[in-house]
Amino acid sequence: MTSSNGRGRLHLAAALDQAAVFDAGSHVELARLAERGGLDFVTLDDTFARPGPDALAVLSRVAPATARIGLVPTVTTTHTEPFHVQAAVATLDWVSRGRAGWRIEVSTTEGEARLFGRRHAVPADELWREAGEVADVAARLWDSREDDAETRDLTTGRFIGRDKLHHVDFAGGGFSVKGPSIVPRPPQGHPVRVVDATEGHARRTAARYADVALVRAASPAQVAAVRDQLRQLASEFGRNPDTLRVLASLLVDLGGGEHAAEPGHGGGGPRQTVQGPLYRGGPVDLAELIAGWHADGVVDGFHLTPTEPRRDLERLVNGTVALLQHRGLFRTFYPGSTLREHLGLARPANRYAVTGGAS
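With the UniProt record's numbering, letter number 307 in the sequence shown gets 307, and the count goes up by one each step, no holes.
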């Protein structure tokens, strides 16, 4: 369990994003490399704004080719049906045997809205309120079938116990869902929900519903300020803030090999660029940065996006992660089998089985 001062278990994740790569094989190879390093999870971005493979479909292909690493695709809540989104994420959790996550994202542009023709683009704060409602109804639908709902009783011919199914009867600002889900309750109960909380519009949604919040920040002070705000908001929403993991998101360019970080990168620290905070240097200095920020209690871990996926992920695993493991700062094996276990998060109780009704 990560402690409130941030000096608990160190969490590491990496992005598998590859420009103009449309085959799943290269994603499988990179995911296996990340798994060899013991990383908590990998992410794969997705958007309606550019062509490319469906992130959830790609990671569904990666799932049977890996054994332990968490798989977190971006799935947009704008212009999509909440019922179908939750079912797809639950299916990934089943395919991966409890390693699925869901990076929640919104679609803000008019160009993307025209692809669907259902409505015009709306402000980001409204979209993130809607995303929160989708996250809420998804969790309710995941609970709408109790763990033992499927009886498969050959003597009576009954496949499912009707008393174990529950209507969620959810009415949001722009949609309503009756339920129950068509997919059995996921192995994790609730697949891990991830939100990029860098921008203020997303922070309330992250604090209320996310298990992992990502923060793009170029300094410890920046990420610490957002982390403190997220934890405060989580408390106001009635959550235990220690159940929210906050990871610093950095672009990493390890092309310098074992050389020291370039001047202007703060002696190994990142600097702000138009693409986001960028670390450019060697694996050793990156290990020092990770160890320092975590020891200071400003983050629970890091989400790293390689600028050159294959080269930088290899150097990350074989250099940075290996050094952290050697120093006893990062695990050398997976102690559990699910993403929630990697993150030190408990499997949520079913709200309907416990209380007998919606909460």
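The beta carbon of each residue, even a glycine, is placed where N, CA and C say it ideally should be.
Relative to the C-alpha of residue i, which residue among the options is closest?
{"i": "A113", "options": "R103, T76 and R140", "result": "T76"}
{"i": "A100", "options": "G8, R162, A287 and T338", "result": "T338"}
{"i": "F116", "options": "E130, L343, E81 and V89", "result": "E81"}
{"i": "P283", "options": "L59, R271 and R311", "result": "R311"}
{"i": "H27", "options": "P184, G8 and V58", "result": "V58"}
{"i": "E133", "options": "L230, R271, N240 and V168", "result": "V168"}
{"i": "V274", "options": "S144, P187 and L251", "result": "L251"}
{"i": "F237", "options": "V223, A49, R97 and R203", "result": "R203"}
{"i": "E130", "options": "G173, A63, R118 and E150", "result": "G173"}
{"i": "A63", "options": "W94, S235, A135 and F22", "result": "W94"}
{"i": "S60", "options": "D23, F48 and A225", "result": "D23"}
Note down, in chain order, each residue of its chain lying with its Cβ closer than 6 Å to the Cβ of residue i, except the 5 sequence neighbours on either side.
{"i": "W293", "result": "P220 and V299"}
{"i": "E146", "result": "K164, N350 and A353"}
{"i": "A15", "result": "T43 and T305"}
{"i": "R216", "result": "T198, S249, G276 and P277"}
{"i": "G98", "result": "P187, Q188 and T338"}
{"i": "A138", "result": "Q86"}
{"i": "Q18", "result": "P309"}
Does the beta-carbon distance from residue i to residue j come in below 8 Å?
{"i": "Q86", "j": "W128", "result": "no"}
{"i": "L247", "j": "H84", "result": "no"}
{"i": "A295", "j": "T320", "result": "no"}
{"i": "A13", "j": "H190", "result": "no"}
{"i": "H110", "j": "A124", "result": "Per the sequence shown, the amino acid found at residue 110 is Glu instead of His. Contact flag unset, no."}
Would you kindly work out how many angstroms separate the C-alpha atoms of residue i and residue j, rounded to a whole number?
{"i": "G276", "j": "G25", "result": "28 Å"}
{"i": "R140", "j": "T108", "result": "26 Å"}
{"i": "H79", "j": "H201", "result": "18 Å"}
{"i": "residue 446", "j": "G301", "result": "Because the chain here runs from 1 to 359, residue 446 falls outside it and cannot be looked at."}
{"i": "Q89", "j": "R315", "result": "According to the sequence displayed, residue 89 carries Val and not Gln. Computed Cα separation, rounded: 31 Å."}
{"i": "L30", "j": "I160", "result": "40 Å"}
{"i": "V106", "j": "K178", "result": "23 Å"}
{"i": "I104", "j": "I290", "result": "25 Å"}
{"i": "R347", "j": "T74", "result": "22 Å"}
{"i": "E35", "j": "Q232", "result": "33 Å"}
{"i": "Q307", "j": "R245", "result": "Gln is not the amino acid found at residue 307; the sequence shown has Thr there. Each residue's alpha carbon lies about 24 Å from the other."}
{"i": "L39", "j": "E150", "result": "34 Å"}
If I measure Cβ to Cβ from residue i and keep anything under 8 Å in the same chain, skipping five residues before and after, which residues do I get?
{"i": "R32", "result": "A65 and T66"}
{"i": "V192", "result": "F41, G70, V72, A100, G101, W102, D211, V212, L339, R340, L343 and L345"}
{"i": "S181", "result": "F83, Q86, A87, A90, L141, W142, S144 and R145"}
Can you list, in chain order, the residues of its chain with a C-beta nearer than 7 Å to that of residue i? Leave out the 5 residues immediately preceding and following it.
{"i": "F175", "result": "P82"}
{"i": "Q325", "result": "T332"}
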